[in-house]
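Remarks on the structure that follows.
Residue numbers (this note's numbering), protein chains in the order written: chain L, 1 to 174; chain V, 175 to 354.
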């Protein structure tokens, strides 16, 4: 991690740096919003720590979603990323965690048992981007119907490919 | 006997014998039945988006669709004969719409209200059906995003004109050809 990033974390989130220095890859600050890039391997530990950390508890998982950087003008090290938006109600602070995932195996540990809200968010990220969340209790499609093939929001999914659902049945997800 | 000089769109009073002047009239059976049908449509609002909000205005006092005999809004396909598809129909919803349409009894008509129902509108993407005419036969398309209440009433009047010109028995084969 670069020195500026280390200093930023020391200023804004010292607890994370002291406990998970090895997991942090980069940290940036955009207009007061802290964004920390972390390694995907121990994401569950990092997030569980941030939720329980007594001096800065991030009680709420505001959002969790995936990114596809295919055809990006400034491509990051890997094609996919999972982004976690945490919010601390007691301190009024926010932090964004980002973990890059390789194109060949986009998978990361599920955090559904840390934040219950993550359950459906992870299903959505799997449905639309094909990111696999290890340990998720029921990783099935949530927005597209069950006969849908592929992952619709990947950048290589054709914008004009429609997949018809012909019948109403329990297996079709309705 | 029908006077051939008169239009066939409504029952026509023709003077019968003097003794029955106040009591009777003659017309064609098709004209009489269609006159009844077009002035007593029972709509089923299949509302999925903002077009349904406009339809609420159409039914309410200011626009007052009962002036056209179509105010008996029913939420059961068994009790209605005109389904208004008001809004975006996503691929996941498509078989639901088809199922509801199939449960309506003949004669039945379909109005696609707004650009989403007509062509997918600005949802040119993986999740939205590009016009409901892929699965159900549409009689009238109402443009607009959303259409004004006047626009929906205009569509209703066009449907009434269409009903007035139609035959007594609707061709079921036309319905079967679509959606298979």
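We put the CB at the ideal spot given by N, CA and C, even for glycine.
- Contact annotation: residue 215 of chain V and residue 261 of chain V have beta-carbon atoms that are not nearer than 8 Å.
- Annotation: residue 213 of chain V to residue 334 of chain V spans about 7 Å, alpha carbon to alpha carbon.
- Remark: fewer than three beta-carbon pairs, one from each stretch, lie closer than 8 Å, so the stretch 12-28 of chain L and the stretch 81-91 of chain L are not flagged as touching.
- A direct Cα-to-Cα measurement between residue 164 of chain L and residue 206 of chain V gives close to 42 Å.
- Residue 149 of chain L counts as exposed, since fewer than 16 other beta carbons sit within 10 angstroms of its beta carbon.
- Between residue 162 of chain L and residue 265 of chain V, the CB-CB gap stays under 8 Å.
- Taking a 10 Å sphere around the C-beta of residue 319 of chain V, we find fewer than 16 other C-beta atoms and assign the residue as exposed.
- Chain-order list of chain V residues neighbouring residue 145 of chain L: 265, 266, by C-beta distance under 8 Å.
- Listed in chain order, the non-local C-beta contacts of residue 80 of chain L below 8 Å within the same chain comprise 66, 67, 68, 69, 100, 101, 102, 103, 106, 129, 131, local neighbours out to five positions each way being set aside.
- Take residue 95 of chain L, set aside five residues on each side of it, and the residues of its chain with a beta-carbon closer than 6 Å to its own are 34, 86, in chain order.
- For the stretch 7-39 of chain L, no residue has a beta-carbon sitting nearer than 8 Å to a beta-carbon of chain V.
- Relative to residue 225 of chain V, the option among V:287, V:311, V:199 whose CA is nearest is V:287.
- Just so you know, the alpha carbons of residue 285 of chain V and residue 326 of chain V end up roughly 9 Å apart.
- For the options L:126, L:62, L:72, the alpha carbon positioned closest to that of residue 108 of chain L is the one of L:126.
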